Amino acid sequence: MRKYFVGGNWKSNNTMADTHTLIGKTINALNFGPEKTEVAIFPSTIQLTEVQKQLTNKNVYVGCQNISKYGFGAYTGETSVLHLKDLGINWTLVGHSERRSLFAENNAIVAEKTKFALDNKVNVVLCIGETLQERESDQTLNVIQQQLGHVKDVLAAKDSWSNIVIAYEPVWAIGTGKVATPQQAQDVHAFIRKWMAEHVAKEVAEAVRIIYGGSVTEKNCQELITQTDIDGFLVGGASLKPGFTDIVNAVNQAQ
Ligand code: PGA
1339 MRKYFVGGNW KSNNTMADTH TLIGKTINAL NFGPEKTEVA IFPSTIQLTE
1389 VQKQLTNKNV YVGCQNISKY GFGAYTGETS VLHLKDLGIN WTLVGHSERR
1439 SLFAENNAIV AEKTKFALDN KVNVVLCIGE TLQERESDQT LNVIQQQLGH
1489 VKDVLAAKDS WSNIVIAYEP VWAIGTGKVA TPQQAQDVHA FIRKWMAEHV
1539 AKEVAEAVRI IYGGSVTEKN CQELITQTDI DGFLVGGASL KPGFTDIVNA
1589 VNQAQ
């Protein structure tokens, strides 16, 4: 049985006061079975240590939204996975579509960052997904294969995948209110699992968590989570609001 996974991607939002409220009122009060569901929040990097201080809910992990592909050194403005390790933070997002489109991160960079994080024992939520134009020109599965293929090629051991959660996030669904239908999401998730079975290993494909992201809310999550290959969510906008609790509950109660 795969554990469910729910991530809250706060993006570049929240004053410190907003963060105190969100942690105090919502995150610390989350009540779920950690043997069934994992929950991680991804605040702004500059708030990570404060979030660690405020967080009393020991079942919730804290993660970073992005890391550099380097260790310590002369890389002005960058956060290394070594900084995360030093703080005891063991999750990071890699390859979010906003990183890819706004900050020119290509598949090779995403693969390098993923490997570097795993080499340093930091778990990765690997974000992949197609743009609207790619979907409309029937390129979705090609894009997904390429995104996964680059990561697969840099990981020597198939065991590495046990520290990766794959987040399928169609770019056209992110922040648009246009959520994928349960069938659209399930189709791509099933494809990812099949690809993993064929290119990595059957047991890895069975075990890897594949979560959906893109306009997930407390209203649409119930039906999405019933899909066989959807193992949870990466939530953006709705993770900044009290309704995040309903999303975690819906996942934790799913059969
Ligand atoms: P959204 O963002 O839930 O606001 O669409 C999801 C994400 O970017 O991870």
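Numbering follows the numbering used here, in which position 100 of the sequence shown is assigned residue number 1438; successive positions increment by one, without gaps. Even for Gly, the Cβ is constructed at its ideal location relative to N, Cα and C. In this text the structure is predicted, and so the values were computed from the model without any measurement.
| Is there contact between the stretch 1373-1386 and the stretch 1341-1348, where contact requires at least three CB pairs shorter than 8 Å? | yes
| request: Could you tell me which residues DSSP puts in a beta bridge with ALA1523? | output: Here the question's residue 1523 lines up with position 185 in the sequence shown. DSSP output for ALA1523 lists no bridge partner at all.
| query | Would you call ALA1511 buried or exposed, if buried means 16 or more other Cβ atoms sit within 10 Å of its Cβ? | reply | Locating residue 1511 in the sequence shown gives position 173, where the first residue counts as 1. Buried, because 16 or more other Cβ atoms sit within 10 Å of the Cβ of ALA1511.
| request: Assign ALA1412 to one of three DSSP states: helix, strand, or coil. | output: Position 74 of the sequence shown, counted from the start, is the residue given in the question as residue 1412. It is coil, neither helix nor strand.
| message | I need the DSSP call for GLU1376, collapsed to helix, strand or coil. | response | Position 38 of the sequence shown holds residue 1376. DSSP places GLU1376 in strand when its eight states are reduced to three.
| request: Helix, strand or coil for GLY1575, going by three-state DSSP, please let me know. | output: In the sequence shown, residue 1575 corresponds to position 237, counting from 1. Note: GLY1575 maps to helix in three-state DSSP.
| request: Return the first residue and the last residue of the alpha helix (DSSP H) that ILE1447 is part of. | output: Position 109 of the sequence shown holds residue 1447. Looking at the DSSP string, the run of the alpha helix (DSSP H) that includes ILE1447 is 1445-1457.
| Using 8 Å as the threshold, is the stretch 1412-1431 in touch with the stretch 1455-1475, meaning 3 or more CB pairs across them? | yes
| query | How would you label ASN1590, buried or exposed, when you count the other beta carbons within 10 angstroms and need 16 or more for buried? | reply | Sequence index remark: in the sequence shown, residue 1590 carries index 252 (1-based). That one is buried.
| Inter-residue CB distance, ARG1437 and ASN1404 (contact presumed, cutoff 8 Å) | Sequence index remark: in the sequence shown, residue 1437 carries index 99 (1-based). Sequence index remark: in the sequence shown, residue 1404 carries index 66 (1-based). About 6 Å; that satisfies the 8 Å criterion.
| request: Would you mind giving the Cβ-Cβ distance between ASN1573 and ILE1585, rounded to the nearest angstrom? I have them listed as a contact below 8 Å. | output: The sequence position of residue 1573 within the sequence shown is 235, counting from 1. The sequence position of residue 1585 within the sequence shown is 247, counting from 1. For the record, residue 1573 in the displayed sequence is Val; it is not Asn. Confirmed, Cβ separation roughly 6 Å.
| message | Given 7 Å as the limit, tell me if ASN1352 has its C-beta closer than that to any heavy atom belonging to the ligand PGA. | response | Counting from 1 along the sequence shown, the entry for residue 1352 is found at position 14. Every heavy atom of the ligand PGA is 7 Å or more from the Cβ of ASN1352, so no.
| task | Using beta-carbon positions only, say whether LYS1453 and LEU1493 come within less than 8 Å of one another. | result | Locating residue 1453 in the sequence shown gives position 115, counting from the first residue. Locating residue 1493 in the sequence shown gives position 155, counting from the first residue. Closer than 8 Å, so yes.
| Quick one: Cα of LYS1363 to Cα of GLU1536, how far? | Counting from 1 along the sequence shown, the entry for residue 1363 is found at position 25. Counting from 1 along the sequence shown, the entry for residue 1536 is found at position 198. Going by the C-alpha atoms only, they are around 44 Å apart.
| field | Simplified DSSP state of LEU1441, which is helix, strand or coil | value | Position 103 of the sequence shown, counted from the start, is the residue given in the question as residue 1441. It is worth fixing the name first, because residue 1441 is Phe in this sequence and not Leu. Reduced to three states, the DSSP call for PHE1441 is coil.
| field | Those residues which DSSP pairs with ASN1347 across a bridge | value | Numbered from 1 along the sequence shown, position 9 holds the residue referred to as residue 1347. PHE1380.
| field | Option nearest MET1534 by Cα separation, candidates VAL1517, ASP1567, GLY1401, ASP1476 | value | As a first step, residue 1534 is located in the sequence shown; it is residue number 196 there, counting from the start. Comparing Cα-Cα distances from MET1534 to each of VAL1517, ASP1567, GLY1401, ASP1476, the minimum goes to ASP1567.
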